[in-house]
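Peer 1: Numbering (my numbering), first residue to last: 37 to 180. Quick reminder that beta carbons are idealized off the backbone N, C-alpha and C, glycines included. One structure coming up, written as structure tokens, with questions to follow.
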């Protein structure tokens with residue numbers, strides 16, 4: 037089994053776990069980003085991994101500061117850990133894909149229930165960011 041497929045088998049259950057926790061409790065336990073970070077150590081490349089962590093984690097940290105708590109610490113740690121695994125390019129693509137999914141979902145809520153309702157609807161990010169991770173893995177394998 038290649039290290040890439042090993043990463044997938046280890047990463048997908050962790051992303052699913054993060055999604056379920058975020059949906060049920062609106063929190064992501066610290067152990068999940070830590071476990072994802074450890075998956076990144078399987079193919080650790082210092083510059084690649086640390087730059088990926090910073091490229092994906094810092095925007096969420098800045099967003100959390102400016103959003104009055106609408107972006108939680110779990111989302112920041114989840115994306116930083118995923119950036120550590122995926123690197124800067126695929127970590128950013130995961131983030132953009134996941135946020136695109138959130139935008140589509142929020143638009144559907146707005147069209148169905150009105151924009152005023154959608155504006156005040158709290159959505160857990162982890163399921164969407166996890167779906168972005170799946171998209172990234174598929175893209176990475178298609179571009180090999």
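Might you give, ordered along the chain, the residues of its own chain that have their beta carbon closer than 6 Å to the beta carbon of residue 89, omitting 5 neighbours on each side?
Peer 2: Here the set comprises 116, 119, 120.
Peer 1: Buried or exposed for residue 150, going by 16 or more other Cβ atoms inside 10 Å?
Peer 2: Flag for residue 150 reads exposed.
Peer 1: Quick one, are the C-beta atoms of residue 129 and residue 173 less than 8 Å apart?
Peer 2: No, Cβ-Cβ distance for residue 129 and residue 173 is not below 8 Å.
Peer 1: Which residues in the same chain as residue 58 place their Cβ atom closer than 6 Å to its Cβ, once the five residues preceding and following it in sequence are excluded?
Peer 2: The residues are 64, 160, 162.
Peer 1: Taking 8 Å as the threshold (C-beta atoms), are residue 72 and residue 50 in contact?
Peer 2: Yes.
Peer 1: Report the rounded CA-to-CA distance for residue 103 versus residue 83, giving the unit in angstroms.
Peer 2: Their Cα atoms are separated by approximately 30 Å.
Peer 1: Is residue 78 near the ligand NAD - that is, is its Cβ less than 7 Å away from at least one heavy atom of it?
Peer 2: Only the bare structure without any ligand can be found here, which leaves the ligand NAD out of the picture.
Peer 1: How about residue 93 and residue 68: are their beta carbons less than 8 Å apart?
Peer 2: Contact flag unset, no.
Peer 1: Which residues mark the beginning and the end of the alpha helix (DSSP H) in which residue 111 is found?
Peer 2: Here the alpha helix (DSSP H) through residue 111 covers 109-149.
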